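*Asks:* Heads up: the sequence shown begins at 9 in this note's numbering, then just goes up one per residue.
Let me give you the structure first, and then I'll get to my questions.
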Amino acid sequence: MERHAHRSAGMSQHIQDILRTNTHMCIAPQLCSSHSTVLPTQIVPALRKSDFFTQPTECTTNHTPTIYPYDFVGIYHRDRFIQCGGFDFTIANAYWQNLDFGLRSYLWGECIEVNTQIRLFYEALPPQEDASADSSYRIFYLKNLAPLLEKDRAFISGTQFFSFFRNSGLHLIEAYRLFRDAQKWVAVNRYRFKKTAARLVSEWEPR
């Protein structure tokens, strides 16, 4: 993956202390353009009817939650990152891969926040995110939006297949294989889910 070079505004001892005591999944910096303009890189999850989407906004308040670290830039808690499964290499689209990681982190009880005391500057234009509903979206949907919660476990109901198939654009066998793989993955991780995506959005506090 092509990365964009960043330059730091310097790291004080105070910031080093923040990083050393961090218990969050990831701390994302405040990102700015090469002209020092604060970029809208705090990502807020939202629902419009049943459609899940994200809204980028400028972050000016410290310790503000973001659904994922924009452009993957952040200080990651190594152990928590590994335990959460990291980034899913089967998701080719960078936007859906990053959102899959971030949303999964929250659904499993983790948190990602923006720390405005850490500021990085792009030396070139920031990347454009591709949020089109492509093949990567199908995997994202099944792993994050499809799971239901019953008491303390998550599952994907077999009755959900017909709706998925109608909207997937796939042949029956291909859609069923993808659906079954997701069912098995959710079953393995069923006790790690703490909430649904809909509940996460409803509880998200704007700042």
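Cβ coordinates follow ideal geometry from the N, Cα and C atoms, glycine included.
Only a predicted model underlies this, so the values are computations on that prediction, with no experimental measurement involved.
Tell me whether Glu-182 is buried or exposed, calling it buried when 16 or more other Cβ atoms sit within 10 Å of its Cβ.
*Replies:* Taking the first residue of the sequence shown as 1, we reach residue 182 at position 174. Exposed is the call here.
*Asks:* Find the nearest neighbour of Lys-202 within the set Ala-132, Leu-128 and Leu-157, judged by alpha-carbon distance.
*Replies:* By 1-based counting over the sequence shown, the position of residue 202 is 194. Comparing Cα positions, the closest option is Leu-157.
*Asks:* Could you give the distance in angstroms between the alpha-carbon of Met-9 and the alpha-carbon of Ser-144?
*Replies:* On the sequence shown, position 1 is the one that residue 9 refers to. On the sequence shown, position 136 is the one that residue 144 refers to. For Met-9, the predicted structure reports a pLDDT of 36, less than 50, and the residue's modelled location is therefore unreliable. The matter cannot be settled from this model.
*Asks:* Taking C-alpha atoms, which residue in Lys-159, Arg-146, Gly-166 and Asp-160 lies nearest to Gly-177?
*Replies:* On the sequence shown, residue 177 is found 169 positions in, with the first residue counted as 1. Closest option to Gly-177, Cα to Cα, is Arg-146.
*Asks:* Nearest by alpha-carbon distance to Pro-155: which of Ile-164, Phe-148 and Tyr-149 is it?
*Replies:* Along the sequence shown, one-based indexing puts residue 155 at 147. Closest option to Pro-155, Cα to Cα, is Ile-164.
*Asks:* Do you know offhand how far Arg-188's Cα is from Asn-70's?
*Replies:* To locate residue 188, count along the sequence shown from 1; it is residue 180. To locate residue 70, count along the sequence shown from 1; it is residue 62. Near 41 Å, if we compare the C-alpha coordinates of Asn-70 and Arg-188.
*Asks:* Determine the contact status of Thr-45 and Val-122, defining contact as a CB-CB distance below 7 Å.
*Replies:* In the sequence shown, counting from the first residue as 1, residue 45 sits at position 37. In the sequence shown, counting from the first residue as 1, residue 122 sits at position 114. Cβ distance not < 7 Å, so Thr-45 and Val-122 don't count as in contact.
*Asks:* Going by DSSP in three states, Val-81 sits in which element: helix, strand or coil?
*Replies:* Within the sequence shown, numbered from 1, the residue matching residue 81 stands at position 73. Correct three-state label for Val-81: coil.
*Asks:* Between the alpha carbons of Gln-8 and Phe-109, how many angstroms are there, rounded?
*Replies:* There is no way to answer for residue 8, as the model of the chain reaches only from 9 to 215.
*Asks:* State the Cα-Cα distance for the pair Pro-37 and His-179, rounded to the nearest angstrom.
*Replies:* For the purposes of this step, residue 37 is taken as residue 29 along the sequence shown, with counting starting at 1. For the purposes of this step, residue 179 is taken as residue 171 along the sequence shown, with counting starting at 1. Rounded to whole angstroms, Pro-37 to His-179 spans 43 Å at the Cα level.
*Asks:* By Cβ distance below 7 Å, which residues in the same chain neighbour Trp-212 in space, the five residues on each side in sequence not counted?
*Replies:* Start at 1 with the first residue of the sequence shown, and residue 212 comes out as number 204. For Trp-212, where only same-chain residues beyond five positions count, the Cβ hits under 7 Å are Val-52 and Pro-53.
*Asks:* Taking Cβ positions, are Gly-82 and Cys-34 nearer each other than 7 Å?
*Replies:* Along the sequence shown, one-based indexing puts residue 82 at 74. Along the sequence shown, one-based indexing puts residue 34 at 26. Contact flag set, yes.
*Asks:* Is it right to say Gln-24 is buried, meaning 16 or more other beta carbons lie within 10 angstroms of its own, or is it exposed?
*Replies:* Residue 24 sits at position 16 when you count from the first residue of the sequence shown. Result: exposed.
*Asks:* Look at the alpha carbon of Ala-17 and the alpha carbon of Cys-40, and state the distance between them as a whole number of angstroms.
*Replies:* The residue labelled residue 17 in the question sits at position 9 within the sequence shown. The residue labelled residue 40 in the question sits at position 32 within the sequence shown. Its pLDDT being 48, under 50, Ala-17 is placed unreliably in this model, and the coordinates cannot settle the point.
*Asks:* Between the Cα of Leu-128 and the Cα atoms of Phe-80, Arg-56, Tyr-199 and Phe-60, which residue gives the shortest distance?
*Replies:* Here the question's residue 128 lines up with position 120 in the sequence shown. Among Phe-80, Arg-56, Tyr-199 and Phe-60, the Cα nearest to that of Leu-128 is on Phe-80.
*Asks:* Is any beta-carbon of chain D found at less than 7 Å from that of Ala-36?
*Replies:* In the structure shown, chain D does not exist; there is a single protein chain.
*Asks:* In this structure, does DSSP put Phe-89 in helix, strand or coil?
*Replies:* Translated into positions along the sequence shown, residue 89 becomes position 81. Note: Phe-89 maps to helix in three-state DSSP.
*Asks:* Among Asp-160, Arg-161 and Ala-190, whose alpha-carbon lies nearest the alpha-carbon of Gln-168?
*Replies:* By 1-based counting over the sequence shown, the position of residue 168 is 160. Of Asp-160, Arg-161 and Ala-190, the residue nearest in Cα terms is Ala-190.
*Asks:* According to the neighbour-count rule (16 or more other Cβ atoms, all chains shown, within 10 Å of its Cβ), is Arg-11 buried or exposed?
*Replies:* As a first step, residue 11 is located in the sequence shown; it is residue number 3 there, counting from the start. The predicted position of Arg-11 is uncertain, since its pLDDT is 40 and thus under 50; no value can be drawn from it.
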